[in-house]
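Notes to accompany the following structure.
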Amino acid sequence: MQNLSYKVDGQKIFINCATSSFELTVLTPEIIRVFRNHGCTQNSYAIEGDKVQETDFEITENRDHMELKTSALIVNIFADGKIDVYDKDKNPLILDYRHARQPLDRQMSEDQKRLAEQEGHDVSGNLLNSPTYFEVVKKLADDEVFYGLGDKTGFLNKRHYAYDNWNTDNPAPQVENFTRLYKSVPFLLGLKNQHPYGIFFDNTYKSHIDLGKESNNYYFYSAANGNLDYYIIGGASLKKVVENYTYLTGKTPLPQKWTLGYQQSRWGYSVSQEKVLQIAEKLREYDLPCDVIHLDIDYMDGYRVFTWRTDTYEDPREFVSKLKNMGFKVVTIIDPGVKKDDQYGIYQEGLAKGYFVQNPDGTIYVNRVWPGDAVYPDFGRKQVRKWWADNCRYLVDIGVSGIWDDMNEPASFNGDIPEDIVFSDEENKSTHAKMHNVYGHNMAKATYEGLKRYSHKRPFVITRAAYAGTQKYSTIWTGDNHSLWVHLQMMIAQLCNLGLSGFSFAGTDIGGFGSDTTPELLTRWIEGALFSPLFRNHSALGTRSQEPWSFGEPTLSIYRKYLKLRYRFIDYLYDQFYQENKTGLPIMRPLVLNYENDPQVYNLNDEYLVGDSILVAPVIQQGKTKRMVYLPAGKWIDFWDKTEYEGQTTILVDAPIDKLPIFIKKNTILPWSKEVDHISTEPQKEITFKLYGDHTSYQHYQDNGTDFSYENGKYNLYDLNVGSESIDINLLHHDYPLYQRTKVELPDKTVEFKLAHDKYVLA
């Protein structure tokens, strides 16, 4: 091996080759880290703790390369620094490209470029203009498809598109040519000749990923700065790749059960307690199940974070308590921009302790957001996160049940924050250029820690900006969408790719945040979002009202129908989160995750699965009352009329305005929750299970749905087995009040059980 040598230290292999030096670290048989030091401090915000497992591997020297082999992956390293990755059966996964890139020929002279740029066109195709720029170029197979990357706009399959990782608040209607949004999740899933893999680029600087837009011969990742640091992630299936990625970056924790209920919001409600109470009363008057009312920025005193206005609220604690007695939780928004006000305690304390980001000359950096002139907490420092967490106690003491982090890209009104503004990278001084993409991540982490510390319950945090790994701390939503059919259509791909990227608890603003919705669009949106884990209707100040009653009938009745149906599925969704907390697999997922060997689903943008057993095919085009539905392998049962269909076929279904096409995989049993107007924290005394088919098995999880006592064994795990002649309900674990009665609804009869001496017997 001329010009190629190596040294092994534990599970690290230090490579010296003709062009460079780099490290490979074997974390597990299916995860290998590639690291080249460019002289930057290294601190991962996505990966916490030591993820290295004791793993056997062998290194073989060949004539022109060395081979690193685990039980799952083969990595060939060459003297020119190129590496090729194969699975254990020598199927190619990730291969370095051996030729020069050929930038897109935009057919423009320099004069034409200048002219186009003067009119505001971006003709460079690259955000990255930096002396520290680097890139990694990989070979692209003819049939290769890509998924993941978080909340990027556009279609499910990202092949032929290019994106940027730079958290951006852009209120314009987001369409498929937007290269960046609120989150940066540089995790890519690929299928090459139906063989799955993942790559996670752990770099917080501005980066770019081109997935065959520039050329059909290669795809590439580039960054403005930072070290080359990426993880090769293998797995026998796409599911296993996602499991391995969430092993690295963390799984979405088990949420409080009420957070799966319907949530109502609008920028403007919270201007007064009178307006909020009117909304609450109407929800109950119209028999619309709902668990949460959100308060946007209007509830604060002059938009000062951790304050509550007193001119239109008499007593915040009493107000929140009144809503709680009506069955509503309150979630309040907070923003990172702290008002520059010498009479404001939060500002005074942060200033005195040096907690705000600074200009290069050491003065405090000031920009403008909602409260006017504002400063930004330096969330990269542990002390600042603790300070922010302690301030969350103010809201917890009032009775608030969750906190909604917004504007944390961070957003600014007086132009972009310069990249040389001094932010902290834990104990090291750094820059906005490095810390921008993890600003929202660190704010969410601080908020999570505050809620956990002072409420002693599972924190409910919602964040707009995020980085890989934020799923450990926060729910997310896709940001400021609009009341446009294209945004309803995009919802499915966005939420599915977010799920593949580790963010299992995600949603969109139902009905659209900006612009004006229509009765039909709102109806199709509540149907299409029925199983999105975060289930919130939210709209902007000044837009057309989109509460369920705003359009009268039949919109109100259809909306009510689907809210009630959502609550029937709460126990199923909670079971899915119990499973997700173990595997990292998303609740709402694209069909390709389950059927990766079926090319029919590689570009399927208008259907999704809920777990393994429910297929949803919303109507997402204006005026349509029928639609084609592709059913994958297996047998599927129409949820509404129980018609059975063979899979791997496309059917035409009727879908009038009040119908959401739903199909249940044959031989599935679903928990069927009671009809309620909100989710109670009292132990349930009975439950029903519905069988679709003739036999199955199912594990059902139950706990108190609020705190962390389940971590100490305070939960129940039921094992249901339905055969042709018998039904058994066994307890695999129980240390929480059990159901007193259980019903199993079969296609032709209902069988009832009662609890007798910790066993279920026929009633």
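Each residue of the sequence shown is one higher than the last, beginning at 721 in the numbering used here.
Each residue gets a CB set at the ideal place from its N, CA and C atoms; glycine is no exception.
| Item | Value |
| --- | --- |
| Are S1194 and V1181 closer than 8 Å when you measure CB to CB? | yes |
| How about L1305 and P1352: do their beta carbons lie closer than 8 Å? | no |
| Since H928 contacts A882 with CB under 8 Å, what's their CB separation in whole angstroms? | 7 Å |
| Please report the distance separating the alpha-carbon of L911 from that of Y951. | 16 Å |
| Cutting at 6 Å between CB atoms, please list the residues of its own chain near T979, excluding the five before and the five after it. | F1180 |
| With C-beta atoms as the reference, is V1051 less than 8 Å away from V1095? | no |
| On a CA-only basis, which of L860, R1088, G874 and Y867 is nearest G932? Give me that one, please. | L860 |
| So, is the C-beta of K727 closer than 8 Å to a C-beta in chain B? | The structure shown has no chain B; it contains just one protein chain. |
| For a quick check, are the C-beta atoms of T672 and A1375 less than 8 Å apart? | What is shown of the chain runs 721 to 1483, which leaves residue 672 out entirely. |
| Can you tell me which of the three DSSP states D816 falls into? | strand |
| What separation, rounded to the nearest whole angstrom, lies between the Cα atoms of T1228 and N1201? | 8 Å |
| Specify whether the stretch 1387-1395 and the stretch 1286-1298 touch according to this definition: at least 3 beta carbon pairs, one from each stretch, less than 8 Å apart. | yes |
| Give, in chain order, every unbroken run of the beta strand (DSSP E) that is at least 3 residues long and sits entirely within the stretch 1412-1460. | 1416-1422, 1436-1442 and 1447-1454 |
| Let me check one thing: in DSSP terms, what residues is V1142 bridge-paired to? | Q1078 and T1151 |
| Please list the terminal residues of the continuous alpha helix (DSSP H) segment that includes N1217. | W1205 to L1220 |
| Tell me the rounded alpha-carbon separation between D922 and Y1315. | 28 Å |
| Could you spell out where the beta strand (DSSP E) holding G918 opens and where it closes? | H915 to F921 |
| For K808 and I794, which I take to be in contact (beta-carbon distance under 8 Å), what is that distance rounded to the nearest angstrom? | 7 Å |
| Closest to H1453 by CA distance: which of Y1435, T1470 and F1428 is it? | Y1435 |
| Just to confirm, are T745 and Q773 a CB contact at a threshold of 8 Å? | no |
| Determine the DSSP secondary structure at R1256, reduced to helix, strand or coil. | strand |
| Is the stretch 1419-1430 close to the stretch 975-994, with three or more CB pairs under 8 Å? | yes |
| Quick one: what does DSSP say M1308 is sitting in, helix, strand or coil? | strand |
| In angstroms with no decimal places, state the Cα-to-Cα distance between Q1368 and P1467. | 24 Å |
| Per the contact definition of three or more C-beta pairs closer than 8 Å, is the stretch 1208-1225 in contact with the stretch 850-869? | yes |
| With DSSP collapsed to three states, give me the class of A799. | coil |
| Cutting at 6 Å between CB atoms, please list the residues of its own chain near P1036, excluding the five before and the five after it. | W1028 and I1118 |
| Quick test of your reading: D1378 and K1281, contact by CB under 8 Å. State the CB separation rounded to the nearest angstrom. | 7 Å |
| Got a sec, what are the start and stop residues for the beta strand (DSSP E) M786 sits in? | H785 to K789 |
| Using 10 angstroms around the beta-carbon of T1408, count the other beta-carbons present and answer buried if the total reaches 16, otherwise exposed. | buried |
| Mark A1153 as exposed unless 16 or more other C-beta atoms lie within 10 angstroms of its C-beta, in which case mark it buried. | buried |
| On the criterion of 16 or more Cβ atoms from any shown chain inside 10 Å, does V1442 qualify as buried, or is it exposed? | buried |
| Let me check understanding here. Comparing Cα to Cα, which of R1184, Q1342, E750 and F755 lies closest to S791? | E750 |
| Looking at the secondary structure, which residues open and close the alpha helix (DSSP H) in which K1042 lies? | P1036 to N1045 |
| Do the CB positions of D1126 and D1055 come within less than 8 Å of each other? | yes |
| Do V996 and I1013 come within 8 Å of each other at the CB atom, strictly closer than that value? | yes |
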